[in-house]
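If you read the sequences in order, they're chains A and L. Numbering of the first sequence is given in the working numbering, commencing with residue 51 and proceeding in unit increments. Numbering of the second sequence is given in the working numbering, commencing with residue 51 and proceeding in unit increments. Virtual Cβ for every residue (Gly too), placed ideally from N, Cα, C. Written out below as structure tokens is the structure these notes cover.
There are 2 protein chains.
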Amino acid sequence: MATVTARERLVQAAVEAFAEKGFTATTTRDIASRAGMSPAAVYVHHDSKEDLLFHVSLEGHRAALGVVREAVAAGGSPVEVLRRAVHDFSRWHAANSRVGRIVQYEFDALTPEHRAEVAALRRAIEHVLRDVLDDGVRRGAFAVADVAGTARAILSLSIDLVRWFRPRGSEDEHTAETIASLHADLAERMVAA
Amino acid sequence: MATVTARERLVQAAVEAFAEKGFTATTTRDIASRAGMSPAAVYVHHDSKEDLLFHVSLEGHRAALGVVREAVAAGGSPVEVLRRAVHDFSRWHAANSRVGRIVQYEFDALTPEHRAEVAALRRAIEHVLRDVLDDGVRRGAFAVADVAGTARAILSLSIDLVRWFRPRGSEDEHTAETIASLHADLAERMVAA
DNA sequence: CGAGTAGGTAAGCGCTTGCTTAGCATGCCA
DNA sequence: TGGCATGCTAAGCAAGCGCTTACCTACTCG
Chain A
51 MATVTARERL VQAAVEAFAE KGFTATTTRD IASRAGMSPA AVYVHHDSKE DLLFHVSLEG
111 HRAALGVVRE AVAAGGSPVE VLRRAVHDFS RWHAANSRVG RIVQYEFDAL TPEHRAEVAA
171 LRRAIEHVLR DVLDDGVRRG AFAVADVAGT ARAILSLSID LVRWFRPRGS EDEHTAETIA
231 SLHADLAERM VAA
Chain L
51 MATVTARERL VQAAVEAFAE KGFTATTTRD IASRAGMSPA AVYVHHDSKE DLLFHVSLEG
111 HRAALGVVRE AVAAGGSPVE VLRRAVHDFS RWHAANSRVG RIVQYEFDAL TPEHRAEVAA
171 LRRAIEHVLR DVLDDGVRRG AFAVADVAGT ARAILSLSID LVRWFRPRGS EDEHTAETIA
231 SLHADLAERM VAA
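If you want it as structure tokens, here you go:
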């Protein structure tokens with residue numbers, strides 16, 4: 051089972067192509083050739099180009115939601131939980147900036163039905179962060195007037211990463227860690243009582 | 051001179067279309083028909099579709115840079131200057147979210163030469179903010195370890211606005227002002243000594 | 001009045017797009 | 001051995017793309 055299926059190879063090719071050139075600018079021929087297959091092969095495994103985008107988008111959102119949920123579930127003081135959630139969320143976006151870029155910028159290219167499904171996951175992510183802030187305020191650890199707005203702003207730090215962050219080889223690990231820690235620091239300052 | 055020239059009408063049509071559907075998904079026929087003209091009219095006033103994008107992108111970046119520069123030039127204490135710069139920058143992005151979306155997300159669609167020109171303005175904006183932070187640190191008003199990273203994070207708040215903010219009628223003014231003030235608050239907290 | 005120019009259009013060229021169709025090789029099971 | 005499912009491809013269709021060409025009209029100015 052170590053072999054990557056043809057289906058999965060096409061998904062990975064699509065991630066590369068979409069991240070590099072955007073959804074509309076990517077041709078199905080491009081995806082196929084990156085996967086080392088003929089143009090028609092795309093349609094053996096996937097219904098349409100949009101279907102491929104939806105798959106990438108859905109899995110990407112699920113992974114990101116999983117990251118924050120786990121960070122929160124690990125428990126600790128409000129400050130610890132917030133720091134871990136922000137750190138891991140930014141870290142994930144740095145490590146998966148290609149998927150992140152697709153997920154964030156190609157949202158409008160989805161069909162209305164698919165968009166609605168993805169939007170639900172998006173709201174779930176915001177919800178997790180709002181709960182963290184609410185909890186911290188209740189316990190007197192945070193002083194936040196506008197919880198919804200602040201939650202959105204904190205997420206903006208991580209999400210906007212994918213706009214400018216470009217992995218470039220060996221120093222990645224270090225750079226990603228530096229940014230993630232910075233974001234944890236900044237988030238903590240934003241809500242400090 | 052109150053009449054809008056045909057050239058300008060095409061630019062406005064392009065802004066609408068690019069913001070709504072993205073650069074590659076927008077057809078020159080779409081731009082022309084939004085401007086109430088025939089497809090060929092686009093090429094009477096502009097060299098190419100990319101030329102139109104470059105025009106929008108350049109003017110957008112110039113306006114945004116102008117906003118922060120003016121906010122800084124107005125002077126005051128480090129905190130006052132930072133708050134005004136962040137407030138006005140976010141405010142501009144809320145008021146011009148369509149242009150902002152084009153400017154931020156269609157950067158890669160520019161030709162290499164045009165991209166370089168726009169990139170210079172981008173760096174100039176970051177530079178202004180870094181100077182504000184440096185100055186505040188020097189005068190003991192701010193405590194910031196990573197000035198470059200923090201400057202980028204603060205700008206992320208405003209820029210990420212264009213991803214999710216959608217103007218919707220009468221309450222715009224109020225909403226935009228609320229967000230801009232929130233961002234000024236958060237930026238101040240991020241750097242507070 | 002007649003020439004030049006600015007601002008526009010109808011038609012269409014050459015190419016690329018997403019996707020389909022018809023058929024072929026391979027491996028599994030009766 | 002034969003039948004059939006699976007996974008793939010060569011070829012190509014209809015539609016749409018950015019952009020050009022050839023032409024038309026209205027206005028300005030000597």
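Are any of the Cβ atoms in chain L nearer than 9 Å to that of residue i?
i               : result
Q62 of chain A  : no
D138 of chain A : no
L236 of chain A : yes
W214 of chain A : yes
Y93 of chain A  : no
R173 of chain A : no
R239 of chain A : yes
T55 of chain A  : no
Using a cut-off of 7 Å between C-beta atoms, extract the partners of residue i located in chain L.
i               : result
D210 of chain A : S206, I209, D210
A75 of chain A  : T74
L160 of chain A : Correct list: empty, because the minimum Cβ distance to chain L is about 13 Å.
Assuming residue i contacts residue j under a Cβ cut-off of 8 Å, what Cβ separation, rounded to an integer in Å, is found between them?
i               : j               : result
A124 of chain A : A226 of chain A : Incorrect: roughly 20 Å between the Cβ atoms, too far for contact.
E66 of chain L  : L132 of chain L : Not confirmed; about 34 Å, so no contact.
L171 of chain A : H111 of chain A : 4 Å
S206 of chain L : L60 of chain A  : That belief does not hold up - the Cβ atoms of S206 of chain L and L60 of chain A are roughly 33 Å apart, past 8 Å.
P217 of chain L : S147 of chain L : 6 Å
P128 of chain L : R202 of chain L : Rounded, the Cβ-Cβ distance is 18 Å, inconsistent with contact.
D184 of chain A : V197 of chain A : 6 Å
A121 of chain A : D97 of chain A  : At roughly 35 Å, the Cβ-Cβ gap does not stay under 8 Å, so A121 of chain A and D97 of chain A are not in contact.
Put residue i into one of helix, strand or coil per three-state DSSP.
i               : result
A226 of chain L : helix
A69 of chain L  : helix
A113 of chain A : helix
A82 of chain A  : helix
A242 of chain A : strand
A56 of chain L  : helix
A63 of chain L  : helix
M51 of chain A  : For M51 of chain A, the predicted structure reports a pLDDT of 37, less than 50, and the residue's modelled location is therefore unreliable. A value from the coordinates is still provided. In the structure shown, M51 of chain A sits in coil (DSSP, three-state: anything other than H, G, I, E or B).
S107 of chain L : helix
H96 of chain L  : coil
S127 of chain A : coil
S231 of chain L : helix
G219 of chain L : helix
A121 of chain L : helix
A237 of chain A : helix
A75 of chain L  : coil
Check whether chain A comes within 9 Å of residue i, counting only Cβ atoms and requiring the distance to be less than that.
i               : result
M51 of chain L  : Model confidence at M51 of chain L stands at a pLDDT of 38, short of 50, so the residue's coordinates are unreliable; what they give is reported in the following sentence. No, no contact with chain A.
K283 of chain L : The requested residue 283 of chain L is not part of the displayed model; chain L covers only 51 to 243.
A242 of chain L : yes
Could you tell me which chain A residues have their CB closer than 8 Å to the CB of residue i, listed as they occur along the chain?
i               : result
H233 of chain L : A203
I229 of chain L : G199
Under 8 Å Cβ-Cβ, which residues of chain L neighbour residue i?
i               : result
D222 of chain A : Residues of chain L passing the Cβ test: none, with the nearest at roughly 16 Å.
For residue i, go through chain A and note every residue whose CB falls closer than 7 Å to its CB, in chain order.
i               : result
D196 of chain L : L232
R165 of chain L : Residues of chain A passing the Cβ test: none, with the nearest at roughly 14 Å.
Could you name the residues of chain A that residue i contacts, counting a contact when the two beta carbons are closer than 9 Å?
i               : result
R148 of chain L : None at all; the shortest Cβ gap to chain A is about 13 Å.
What in chain L is Cβ-close to residue i, meaning under 9 Å?
i               : result
R188 of chain A : Near R188 of chain A there are no residues of chain L at all, since even the closest Cβ is about 20 Å away, more than 9 Å.
For the region 137–214 of chain L, list the alpha helix (DSSP H) runs that are entirely contained and at least 4 residues long, ordered along the chain.
As far as the region 137–214 of chain L is concerned, its whole alpha helix (DSSP H) runs of at least 4 residues are 147–155, 162–188, 197–214.
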